[in-house]
Amino acid sequence: MITEPSAYFPTGYRSARSAFLKACAAAGLRGIARAHPSAAARDGKPLFLDTATIGPRDAGSALLLISGTHGVEGYFGSGVQTGLLHEGLARRVPKTAKVILLHALNPYGFSWDRRVNEDNADINRNFVDHASPPVNKAYEALADAIAPKDISDDALTAANAKLRAYSETHGAFALQEAISRGQYDFPDGLYFGGRRPSWSARMLYDIFRDELAQVKKLMVIDFHTGLGIHGEGEMISEDLPGSAPYLRAKRLWGARVKSSEAGESVSAPLTGTIDKAFATWMRTGELTFAALEMGTVAAREVFLALRKDNWLHRIAGAAHSAATSIRREIRGAFYPDSRDWRRKAWAAAHEVVGAALEAL
């Protein structure tokens with residue numbers, strides 16, 4: 352067991368996967384590796400979505416822990432998963448329950464230090480009816496300012512003025528929702544939900560179908576970073592206050608739980624999320640779903656890093672001279688290079704996972 356929690360956190364996708372697999376082996380777990388059929392890692396090698404299960408296949412209750420939905424945010428979730436295994440997770444699971452660790456749902460984004468997948472799709476906006484996707488008129492009106500083709504100081508000043516005018520008219524939260532809710536008409540833009548189910552989305556459904564469809568009680572924790580106050584963790588629920596799933600989440604995680612649908616959360620309401628997908632897939636049984644969101648840097652810094660990353664891959668190309676600095680900037684926006692932040696992130700994750708294990 353490692354006594355310094357920050358040591359559980361990785362330095363890159365490849366080292367993260369290696370550490371996770373070694374921790375699985377040390378715990379006596381046999382993982383399932385799902386190779387990406389087309390995309391390659393930044394080092395040119397294959398990409399994998401890995402899962403490991405603790406407990407019987409026919410368990411009546413289950414806990415699913417997901418890392419890397421948003422690629423570069425996977426450093427946090429991967430470190431938590433590896434750390435939990437090192438600290439005896441397998442011994443804490445009741446004999447009638449199971450825990451599934453899903454490592455690197457979006458391995459492309461993890462490897463390339465991007466929030467999106469190989470098609471510029473946001474996995475957590477991808478679960479919609481692609482024949483009739485939601486419409487985001489506000490994004491449409493602001494598209495050129497949200498994801499500008501020019502990121503020079505003058506161009507960004509003009510783009511920001513347009514966004515500020517929208518905020519002054521409609522409110523800051525309305526601007527956040529316009530930007531981040533999810534959009535399906537600008538494939539080169541930010542928060543694009545894709546034109547079809549992504550490989551990651553298909554793999555997640557397969558895992559649900561094969562491992563979770565028959566459980567009577569399911570809890571899901573999806574690990575995220577980038578919203579909120581530095582070092583503080585919020586459990587984002589997409590259920591309305593007073594609803595049964597929201598009340599269950601409150602009993603589990605207390606004051607950390609905030610509803611995005613009710614405007615309580617650091618997140619705006621979103622479309623095409625994993626939470627909504629699970630609520631659709633799980634026709635019977637009890638579902639309690641929350642995203643543990645760890646705050647990193649100021650929202651404006653996160654937004655700027657995303658715009659620069661979008662510009663790099665959309666306009667300039669990954670070989671551009673600014674690529675290294677932009678990659679460093681976006682990694683820092685979602686994974687601060689700070690032992691203190693990692694300790695706080697570990698403490699929050701350890702707390703919420705522990706509460707879920709007690710409820711199994």
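In this text, residue positions in the sequence shown follow the numbering used here: the first is 352, and each later residue adds one.
For every residue, glycine included, the Cβ atom is placed at its ideal position computed from N, Cα and C.
Residues bridged to residue i [DSSP beta-bridge criterion]
i, result
"Lys601", "Paired residue(s): none; Lys601 is not in a bridge."
"Lys449", "Ala413"
"Ile572", "Leu416, Ala641"
"Asp401", "Ala384, His454"
"Lys627", "None, per the DSSP bridge assignment."
"His581", "Gly646"
"Lys567", "Paired residue(s): none; Lys567 is not in a bridge."
"Lys609", "Ile587"
"Ala300", "One cannot answer for residue 300 here, as it falls past the ends of the chain, which runs 352 to 711."
Candidates the options: closest to residue i by CA position
i, options, result
"Gly623", "Ile580, Gly605, Phe478", "Phe478"
"Lys500", "Ser689, Asp539, Ser672", "Asp539"
"Glu528", "Val486, Tyr556, Ala506, Leu563", "Val486"
"Val617", "Pro687, Glu644, Asp536, Arg634", "Glu644"
"Tyr490", "Arg532, Val467, Phe461", "Arg532"
"Lys567", "Leu578, Ile625, Leu638", "Leu638"
"Gly705", "Ala410, His575, Leu414", "Leu414"
"Thr631", "Ser369, Phe399, Asp480", "Asp480"
"Leu569", "Lys609, Ser610, Gly636", "Gly636"
"Tyr757", "Gly439, Lys488, Arg368, Ala523", "Not covered by the structure: residue 757. The range shown for the chain is 352 to 711."
"Cys375", "Ala696, Arg560, Gly584, Ser429", "Ser429"
"Leu507", "Trp662, Tyr535, Ser610", "Trp662"
"Pro407", "Glu469, Arg381, Asp505, Ser389", "Arg381"
"Glu589", "Arg678, Phe640, Gly582, Arg515", "Phe640"
"Ala509", "Glu615, Pro484, Asp495, Gln432", "Asp495"
"Tyr535", "Pro484, Gly577, Pro596, Glu519", "Pro484"
"Leu578", "Thr647, Ala564, Gly683, Glu355", "Thr647"
"Ser503", "Pro687, Ala667, Ile625", "Ala667"
"Leu563", "Leu435, Thr354, Leu398, Arg634", "Arg634"
"Ala552", "Ala613, Glu469, Arg651, Ser611", "Glu469"
"Asp394", "Arg365, Arg385, Gly379", "Arg365"
"Ala498", "Gly605, Glu709, Ile530", "Ile530"
"Gly363", "Ser610, Asp561, Leu398, Asp626", "Leu398"
"Ile611", "His581, Gly605, Ala642", "Per the sequence shown, residue 611 should be read as Ser rather than Ile. With distances taken between Cα atoms, Ser611 lies closest to Ala642."
"Arg651", "Ile580, His454, Glu702", "Ile580"
"Asn471", "Glu438, Arg546, Thr520", "Arg546"
"Pro361", "Ala707, Glu709, Asp688", "Asp688"
Range covered by the beta strand (DSSP E) that runs through residue i
i, result
"Ile587", "584-588"
"Ser676", "Careful: Ser676 lies outside any beta strand (DSSP E), inside the alpha helix (DSSP H) at 674-685."
Span of the alpha helix (DSSP H) around residue i
i, result
"Leu708", "690-710"
"Ser429", "425-437"
"Ala441", "440-443"
Nearest-angstrom beta carbon gap, residue j and residue i [assumed within contact, 8 Å]
i, j, result
"Ala403", "Leu452", "5 Å"
"His387", "Trp550", "6 Å"
"Asp473", "Gly544", "6 Å"
"Phe685", "Glu424", "5 Å"
"Leu372", "Thr420", "Contact doesn't hold; Cβ gap of about 20 Å is too wide."
"Ala696", "Phe427", "6 Å"
"Met554", "Leu400", "5 Å"
"Ser462", "Ala392", "4 Å"
"Leu711", "Asn475", "In fact, because the Cβ distance is near 25 Å, the residues do not count as touching under 8 Å."
"Leu657", "Arg466", "7 Å"
"Asp573", "Ile677", "No, Asp573 and Ile677 are not in contact; Cβ-Cβ is about 26 Å, not under 8 Å."
"Leu493", "Leu514", "6 Å"
"Gly584", "Ala699", "3 Å"
"Ala512", "Lys449", "53 Å between Cβ atoms; not a contact."
"Thr433", "Tyr517", "The pair is not a contact, with the Cβ atoms about 42 Å apart (cut-off 8 Å)."
"Tyr597", "Leu591", "6 Å"
"Ala600", "Val608", "5 Å"
"Ala619", "Phe524", "7 Å"
"Arg311", "Pro445", "Any answer about residue 311 is impossible in this case: the structure gives the chain only from 352 up to 711."
"Ile681", "Asp464", "6 Å"
"Leu436", "Ala378", "5 Å"
"Phe629", "Val571", "6 Å"
Any C-beta of chain C under 7 Å from that of residue i
i, result
"Lys513", "This model lacks chain C altogether; it includes just one protein chain."
May I have a chain-ordered list of the beta strand (DSSP E) segments no shorter than 3 residues that lie completely inside the stretch 477-551?
Entirely contained in the stretch 477-551, not one beta strand (DSSP E) run reaches 3 residues.
Whole runs of the alpha helix (DSSP H) within the stretch 354-382, excluding any shorter than 4 residues:
Qualifying alpha helix (DSSP H) stretches, in chain order: 364-377.
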